[in-house]
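Novice: Chains as they are written, first to last, in this note's numbering: chain A, -6 to 300; chain B, -6 to 300.
Glycine included, each C-beta is placed from N, C-alpha and C at the ideal position.
Source: prediction; values computed, not measured.
1. Name, going along the chain, the residues of the region 255 to 287 of chain A whose beta-carbon falls closer than 8 Å to a beta-carbon of chain B.
2. Rounded to whole angstroms, how far is the Cβ of residue 95 of chain A from the Cβ of residue 174 of chain A, which I believe are closer than 8 Å?
3. Within this structure, are the beta carbons of residue 229 of chain B and residue 248 of chain B separated by less than 8 Å?
4. Say the cut is 7 Å; is the CB of residue 152 of chain B nearer than that to a heavy atom of the ligand ADP?
5. Going by DSSP, what residue range makes up the beta strand (DSSP E) through residue 223 of chain B?
6. Using CA atoms only, rank isn't needed, just tell me which of B/243, B/207, B/291 and B/162 is closest to residue 89 of chain B.
7. For residue 246 of chain A, return the contacting residues in chain B, with the cut-off set at a CB-CB distance below 9 Å.
8. For residue 138 of chain B, which of A/-4, A/27, A/253 and A/195 has the nearest alpha-carbon?
9. Taking only beta carbons into account, state which residues of the region 151 to 185 of chain B come closer than 7 Å to chain A, listed in chain order.
10. Straight-line CA distance for residue 218 of chain B to residue 286 of chain B?
11. Is residue 257 of chain A helix, strand or coil when you go by DSSP?
12. Measuring only between beta-carbons, confirm whether residue 133 of chain A sits less than 8 Å from chain B.
13. What residues from chain B crowd round residue 296 of chain A, counting only those whose CB sits closer than 9 Å?
14. Which residues bound the beta strand (DSSP E) around residue 71 of chain A?
15. By a C-beta neighbour count over all protein chains shown, 10 Å radius and 16 as the cutoff for buried, is residue 172 of chain A buried or exposed?
16. Can you tell me which of B/192, B/29, B/224 and B/259 puts its alpha carbon nearest to the alpha carbon of residue 242 of chain B?
17. Hey, is residue 66 of chain B's beta-carbon within less than 8 Å of any beta-carbon in chain A?
18. Residue 4 of chain A touches chain B at which residues, Cβ-Cβ below 8 Å?
19. Output the residue ranges of the beta strand (DSSP E) runs that lie fully inside the region 164 to 235 of chain B and measure 3 residues or longer, sorted by chain position.
20. Along the beta strand (DSSP E) that carries residue 41 of chain A, what are the first and last residues, could you check?
21. Is residue 227 of chain B close to chain A, meaning its C-beta is less than 8 Å from at least one C-beta of that chain?
22. Between A/168, A/35 and A/192, which lies nearest to residue 202 of chain A when the distance is taken from Cα to Cα?
23. Please determine, among B/116, B/39 and B/109, the residue with the shortest C-alpha to C-alpha distance to residue 84 of chain B.
24. Are residue 143 of chain B and residue 292 of chain A touching if we call contact CB-CB under 8 Å?
25. Can you grab the Cα-Cα spacing for the pair residue 301 of chain A / residue 226 of chain A, in whole Å?
26. Beta-carbon within less than 7 Å of residue 187 of chain B's beta-carbon, same chain only, minus the 5 sequence neighbours each way: which residues are those?
27. Does DSSP classify residue 141 of chain A as helix, strand or coil?
28. Output needed for residue 297 of chain B: all residues of its chain with C-beta closer than 6 Å, excluding positions within five of it in sequence on either side, in chain order.
29. Rank A/189, A/190 and A/134 by C-alpha distance to the C-alpha of residue 97 of chain A and give the top, closest one.
30. Is residue 250 of chain A close to chain B? Criterion is C-beta to C-beta, closer than 8 Å.
31. Quick one: Cα of residue 61 of chain B to Cα of residue 68 of chain B, how far?
32. How about residue 154 of chain A and residue 180 of chain A: are their beta carbons less than 8 Å apart?
33. Which residues in the same chain as residue 49 of chain B place their Cβ atom closer than 6 Å to its Cβ, once the five residues preceding and following it in sequence are excluded?
34. Do you know how far the Cα of residue 259 of chain B is from the Cα of residue 7 of chain A?
35. List the residues of chain D that residue 140 of chain B touches, going by C-beta distances under 9 Å, in chain order.
36. Reducing DSSP to helix, strand and coil, say where residue 238 of chain B ends up.
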């Protein structure tokens, strides 16, 4: 397989929102610029939530304006509701996504909205997106299980995805917010949701590595035709409202796997590894994760990617 | 899939041989007994190398005698050569395996024997095994790449596997001694070696998690019909002669993945997690690895494994 795979960097949003420190705007810009220069083609630069709730995200509009100037970069942001969607469109995003938690308990705790209220926000956000010709995705959060409710029914995920499609979602991602997914579940759920909403509408997985299964889950998704995988440089991040759900997929390890497998990510891993220095300098004391940065590349890495 | 998968615990051999501390015999016995009680059905209890080279393995014969008394446990050991094979048979192993490094440079550094000399040891060991009706496997070490030579040709692996089969190998494992494997390579190499020696003769993968790809590689193997996967409790171990090649697959994370996927490992993960305490107590200061022990099981784990 020399298939094109899009690695979507979510560190500036999912990573930074879950740590206490606020990264200075200039450091965020340097991070985004450096990742784009390493070949990353999509970055979720922040979220349009009230700055009073997440001060780490207060400069998202400025980051969108900055990132839009980088040629070839798809600039996306998270929006919690229609109000956020309007701000995102005004800031000039290429795309936005709204998290829709499959666990209603998690939804209420996270954004104080039940499923019906969220579907109304999705419909309103979708209309804003359509009018502005902006891409609009719905992230099916806690799709693989919830740290509060436990199991999340696969039939419920399918039903809610269909409802969101009817409300105007252009695309979906399956999101393992809690690090509960296993590879067999990824295979099943990707198939079921694709059968319900159309294969072209489910292209993305958002995985966490909470129990070490992140890359195996990504592989299960690739085997089903998934073409976009979210990850976070240095494995920064998690969900502040889902206790114990820490640790995004590590971009460095994901890119190693994909590049070594012969997938076309367009990312220069050696340059990407250098970007960690920006994080270390700007977030002193914050732990960074990843096996590849510790072990280094295989001696024959250049031969592998030239295959 | 509710397919039977054998998790073969190699910690008492691969784990202990790579650390400086020598675990007392009684702690090793407690470890082996506790893992068997948690449902582990095969344990590599040690290796028959000269005690002067690896003092950690000096009590392997006593451990074999001890482990043989545990009902339902398959007791295996590593042997470096025919002399070791004779000692293993004398001690009463059910099975033994000899590492055969696909990288000739690694073979010479590791056991001071080139490929021809190793094939002679394999032939002599196979004869000893046949006469004693003991299972005899050849581990195709550094099959996915070498930290000294770099790339290892897949054609060479196939050729050497065929030569080892002709010398009397009853079965093979593909061993990622160096943590170089990627999932696409696992798929390719399993297919090629199986095509050359017969699918029934390649059932085992020995993987390291050096670059975080261990479980993804295991999944790739499962998808090809691999039914035995080696791992080490707490991720202890690595290869002392392959610099930078640290970190076996973590048994706890592997069992979580397999059990959650609905594979039948026969292992009670909650009991297995308790066994770590024996390692912590006996190897104070030695780091233990694993994501699952940190994060704990998913809330719905009991429902997942009952599926």
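Specialist: So, from the listed chains and residues:
1. 255, 283, 284 and 285
2. Actually they are not in contact, since the Cβ atoms of residue 95 of chain A and residue 174 of chain A sit about 12 Å apart, beyond 8 Å.
3. no
4. You won't find the ligand ADP in this model; it holds no ligand whatsoever.
5. 221 to 224
6. B/162
7. 204, 205 and 206
8. A/253
9. 172, 173, 175, 176 and 177
10. 28 Å
11. strand
12. no
13. 143 and 144
14. 67 to 71
15. buried
16. B/224
17. no
18. Near residue 4 of chain A there are no residues of chain B at all, since even the closest Cβ is about 17 Å away, more than 8 Å.
19. 164 to 168, 195 to 199 and 221 to 224
20. It is not in any beta strand (DSSP E) - residue 41 of chain A carries neither H nor E in the DSSP assignment.
21. no
22. A/168
23. B/39
24. yes
25. The shown model of chain A, from -6 to 300, leaves out residue 301 of chain A, and the question about it has no answer.
26. 195
27. coil
28. 253
29. A/134
30. yes
31. 6 Å
32. no
33. 9, 10 and 15
34. 37 Å
35. In the displayed structure, chain D is absent; the protein chains listed are A and B.
36. Note that residue 238 of chain B scores 48 on pLDDT, short of 50, meaning its location in the model is unreliable; the coordinates nonetheless yield the value given after this. Coil.
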